[in-house]
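Protein chains in written order, with the numbering used here: chain A, 351 to 579; chain B, 449 to 691.
For reference, the structure is listed below as structure tokens.
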Amino acid sequence: MNIVGNFYQSVIYDGRWKFILEGLKNTCLIALGAVILGVIIGSIIALIRNYHDHHNNKLKVLNFLAKAYTDIIRGTPSTLQLMIIYYIIFGSVDVNIVIVGVLAFGINSGAYVAEIIRAGVNSIDKGQMEAGYALGLSYKQIIFSIIFPQAIKNVLPALGNEFITLVKETSIGAYIGIVELTKASDIIASRTYDYFFPLILIALIYLTITFILTKLISRMEVRLNHARS
Amino acid sequence: MLEVKDLKKSFGDRKVLKGIDLNIEKGEVIGIIGPSGCGKSTLLRCINLLEEPTSGEIIYNGEKYDRNRNLSKYRREVGMVFQQFNLFPHLTVLDNITLAPIKLGILTEDEAMKAAKRYLKKIDLADKANNYPDELSGGQKQRVAICRTLVMNPKVILFDEPTSALDPEMIGEVTKLMRDIKEVDFNMTMIIVSHEMKFIKDFCTRVIFLDEGKIVEDGTPKQIFDHPKDERLQRFLSKINTR
Ligand SMILES: Nc1ncnc2c1ncn2[C@@H]1O[C@H](COP(=O)(O)OP(=O)(O)OP(=O)(O)O)[C@@H](O)[C@H]1O
Ligand SMILES: [Mg+2]
Numbered sequence: 351m352n353i354v355g356n357f358y359q360s361v362i363y364d365g366r367w368k369f370i371l372e373g374l375k376n377t378c379l380i381a382l383g384a385v386i387l388g389v390i391i392g393s394i395i396a397l398i399r400n401y402h403d404h405h406n407n408k409l410k411v412l413n414f415l416a417k418a419y420t421d422i423i424r425g426t427p428s429t430l431q432l433m434i435i436y437y438i439i440f441g442s443v444d445v446n447i448v449i450v451g452v453l454a455f456g457i458n459s460g461a462y463v464a465e466i467i468r469a470g471v472n473s474i475d476k477g478q479m480e481a482g483y484a485l486g487l488s489y490k491q492i493i494f495s496i497i498f499p500q501a502i503k504n505v506l507p508a509l510g511n512e513f514i515t516l517v518k519e520t521s522i523g524a525y526i527g528i529v530e531l532t533k534a535s536d537i538i539a540s541r542t543y544d545y546f547f548p549l550i551l552i553a554l555i556y557l558t559i560t561f562i563l564t565k566l567i568s569r570m571e572v573r574l575n576h577a578r579s
Numbered sequence: 449m450l451e452v453k454d455l456k457k458s459f460g461d462r463k464v465l466k467g468i469d470l471n472i473e474k475g476e477v478i479g480i481i482g483p484s485g486c487g488k489s490t491l492l493r494c495i496n497l498l499e500e501p502t503s504g505e506i507i508y509n510g511e512k513y514d515r516n517r518n519l520s521k522y523r524r525e526v527g528m529v530f531q532q533f534n535l536f537p538h539l540t541v542l543d544n545i546t547l548a549p550i551k552l553g554i555l556t557e558d559e560a561m562k563a564a565k566r567y568l569k570k571i572d573l574a575d576k577a578n579n580y581p582d583e584l585s586g587g588q589k590q591r592v593a594i595c596r597t598l599v600m601n602p603k604v605i606l607f608d609e610p611t612s613a614l615d616p617e618m619i620g621e622v623t624k625l626m627r628d629i630k631e632v633d634f635n636m637t638m639i640i641v642s643h644e645m646k647f648i649k650d651f652c653t654r655v656i657f658l659d660e661g662k663i664v665e666d667g668t669p670k671q672i673f674d675h676p677k678d679e680r681l682q683r684f685l686s687k688i689n690t691r
């Protein structure tokens with residue numbers, strides 16, 4: 351096998367590296383946009399559900415919707431969700447496909463982030479909430495000055511892992527024609543008739559990204575475990 | 449000043465409190481005793497509305513309180529000290545004490561700091577102001593937790609087994625602090641659930657024996673401990689004395 355030749359054919363010739371660059375850019379954009387959107391949606395969902403649990407079943411309708419959203423997202427394949435959003439919801443609208451990707455993956459991620467935050471909050475001893483109440487603090491004050499600062503220790507690393515999952519998940523964006531990393535390798539392979547080199551190259555890029563992210567998360571974990579406030 | 453009227457509390461179909469009537473005067477120190485599971489903690493938790501009573505009324509200074517009415521105002525006046533201390537582990541000792549008065553706008557940051565330091569000095573923990581709760585002993589934690597309640601300037605303090613989680617040698621420092629509070633502020637009303645019978649007997653002005661969700665006997669420490677009338681109380685006391 352001629353590695354140099356393959357490399358030339360897959361990456362250099364005809365400016366094919368541009369596909370890879372475009373793919374890398376879109377993968378990062380979508381993963382980043384989705385995790386931000388996911389954290390926003392997830393926080394709201396988690397707040398609604400926690401408020402409901404602590405207030406004698408107030409916010410009944412919102413809580414029902416929040417729970418339905420979580421169940422639907424977690425109970426259907428993300429590929430299907432992506433296709434529904436692209437072909438049905440945005441079917442007749444002309445919209446940038448990368449934005450569709452951010453929306454679809456963000457909405458998907460929101461359900462998982464909500465569960466991450468709920469688990470983090472539920473891991474805090476319920477005596478903390480009670481001590482806050484006994485001092486006359488409001489639910490909101492307790493959540494923001496007592497519960498969240500403690501829960502963040504569990505939540506942040508889990509969010510990091512969610513981000514890693516997202517980076518890999520974006521590969522299904524290829525289904526609706528988003529040129530992210532996986533699609534980029536596919537495009538190149540379809541021109542060179544050689545799958546080996548582009549796929550391995552892309553795999554290495556994914557590995558590098560997730561490796562760096564994993565390192566960053568474990569560093570953050572160490573920091574969180576030492577820092578206190 | 450604090451009145452509990454026909455208070456009932458059930459968890460599902462388990463009836464824990466079956467109609468409690470209690471009239472508490474300003475300055476009283478009330479000990480609540482009774483077998484494990486009889487509802488002592490539930491009673492305290494209902495009094496400051498951490499649990500919502502199934503039925504009945506909590507009346508404080510002539511005003512009725514429930515979970516939807518003036519809760520924050522009521523809880524500032526009625527403090528609570530927990531068996532497990534429930535200090536905030538992410539905050540320093542000082543911040544534990546100043547958090548609520550600052551957040552609630554009762555004291556400015558400066559005033560709160562000064563008040564907290566004054567309390568810490570009184571309990572000989574001034575040098576721990578910037579430590580975190582997990583760097584304190586159990587007795588120190590409970591004393592800080594009591595200061596956290598005191599800084600709110602409460603009129604009533606509820607103590608739910610304040611010394612049960614402590615090593616025996618640390619019980620004294622907490623009961624001493626409780627006595628000091630009473631000495632400094634003669635009008636302070638206290639309701640104490642405890643298994644420290646000796647402490648209850650010589651500190652409380654009134655003792656209530658609770659069994660199976662009802663007040664079985666209510667009297668002075670002398671009446672309760674030296675001349676128990678009800679047979680259940682007699683049995684309860686003899687079990688404790690032989691232990
Ligand atoms: N949140 C709850 N849900 C269901 N049952 C509860 C709850 N809290 C208390 N109980 C039940 O109510 C009963 C009384 O509990 P409580 O904690 O008031 O007893 P206690 O007198 O304080 O006992 P101990 O001396 O062991 O602290 C127990 O049988 C307990 O299992
Ligand atoms: Mg109890």
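Where a beta carbon is used, it is the ideal one built from N, C-alpha and C, also for glycine.
Small disclaimer: the values here were computed from a predicted structure and weren't measured.
Worksheet entry | Beta carbon proximity, glutamine 532 (chain B) to chain A, threshold 8 Å | yes
Worksheet item: Of all the CB atoms in chain A, is at least one closer than 8 Å to the CB of asparagine 496 (chain B)?
Response: True, the Cβ-Cβ gap to chain A drops below 8 Å.
Discussion item. Looking at the secondary structure, which residues open and close the alpha helix (DSSP H) in which lysine 466 (chain B) lies?
Written reply: Secondary structure note for lysine 466 (chain B): it is in no alpha helix (DSSP H), and the uninterrupted beta strand (DSSP E) holding it is 462-472.
Worksheet item: For threonine 540 (chain B), which of A:Tyr462, A:Thr377, A:Leu551, A:Ile496 has the nearest alpha-carbon?
Response: A:Ile496
Discussion item. Using 8 Å as the cut-off, can you tell me whether the region 614-630 of chain B makes contact with the region 519-526 of chain B, which would need three or more C-beta pairs spanning the two stretches below that distance?
Written reply: no
Practice prompt. Can you grab the Cα-Cα spacing for the pair leucine 439 (chain A) / arginine 596 (chain B), in whole Å?
Written response: The amino acid occupying residue 439 (chain A) in the given sequence is isoleucine; leucine does not appear at that position. Counting only the Cα atoms, arginine 596 (chain B) lies some 54 Å from isoleucine 439 (chain A).
Worksheet item: What separation, rounded to the nearest whole angstrom, lies between the Cα atoms of aspartate 674 (chain B) and threonine 653 (chain B)?
Response: 14 Å
Item to complete: May I have all residues whose beta carbon comes closer than 5 Å to any heavy atom of ligand 1, sorted in chain order?
Response: Those satisfying the condition are, in chain order, B:Phe459, B:Val464, B:Ser484, B:Gly485, B:Cys486, B:Gly487, B:Lys488, B:Ser489, B:Thr490.
Discussion item. Suppose the cutoff is 8 Å on Cβ atoms and the five residues either side in sequence are ignored; what does the same chain contact list for lysine 603 (chain B) look like?
Written reply: Met449, Lys474, Glu525, Val526, Asn635, Met636, Thr637
Worksheet entry | Beta-carbon contacts of asparagine 579 (chain B) that lie in its chain and below 7 Å, excluding the five residues immediately before and after | Thr540, Val541
Practice prompt. Please name the residues in the region 486-509 of chain A whose beta-carbon is closer than 7 Å to at least one beta-carbon of chain B, in chain order.
Written response: Gly486, Leu487, Ser488, Gln491, Ser495, Ile496, Pro499, Gln500
Worksheet item: Quick one: does the C-beta of aspartate 608 (chain B) sit closer than 7 Å to a heavy atom of ligand 2?
Response: yes
Worksheet entry | Selected residue, minimal CA-CA separation from glutamate 512 (chain A), among A:Gly486, A:Ile467, A:Phe498 | A:Ile467
Worksheet item: Along the region 516-528 of chain A, what residues have a CB closer than 7 Å to any CB found in chain B?
Response: none
Worksheet item: What are the boundary residues of the alpha helix (DSSP H) that arginine 566 (chain B) is part of?
Response: 557-570
Discussion item. Tell me the rounded alpha-carbon separation between aspartate 650 (chain B) and valine 463 (chain A).
Written reply: Note on geometry: alpha-carbon atoms of aspartate 650 (chain B) and valine 463 (chain A) lie some 55 Å from one another.
Practice prompt. Put lysine 503 (chain A) into one of helix, strand or coil per three-state DSSP.
Written response: helix
Discussion item. Tell me which residue opens and which closes the alpha helix (DSSP H) that isoleucine 593 (chain A) is part of.
Written reply: Missing from the structure shown is residue 593 (chain A); chain A here goes from 351 to 579 and no further.
Discussion item. For a test of your reading of the model: does the CB of valine 445 (chain A) fall under 7 Å from any non-hydrogen atom of ligand 2? Yes or no.
Written reply: no
Practice prompt. Taking C-beta pairs closer than 7 Å, name the residues in chain B that glycine 477 (chain A) reaches, listed in chain order.
Written response: Phe530, Gln532, Asn534
Item to complete: Write down the C-beta distance between isoleucine 522 (chain A) and phenylalanine 369 (chain A) rounded to the nearest angstrom, noting that I regard them as a contact closer than 8 Å.
Response: Going by Cβ atoms, the distance from isoleucine 522 (chain A) to phenylalanine 369 (chain A) rounds to 18 Å, so no, they are not a contact pair.
Worksheet item: How many Å lie between leucine 506 (chain A) and phenylalanine 561 (chain A) at the Cα?
Response: 17 Å
Practice prompt. Specify whether the region 504-514 of chain B and the region 674-689 of chain B touch according to this definition: at least 3 beta carbon pairs, one from each stretch, less than 8 Å apart.
Written response: no
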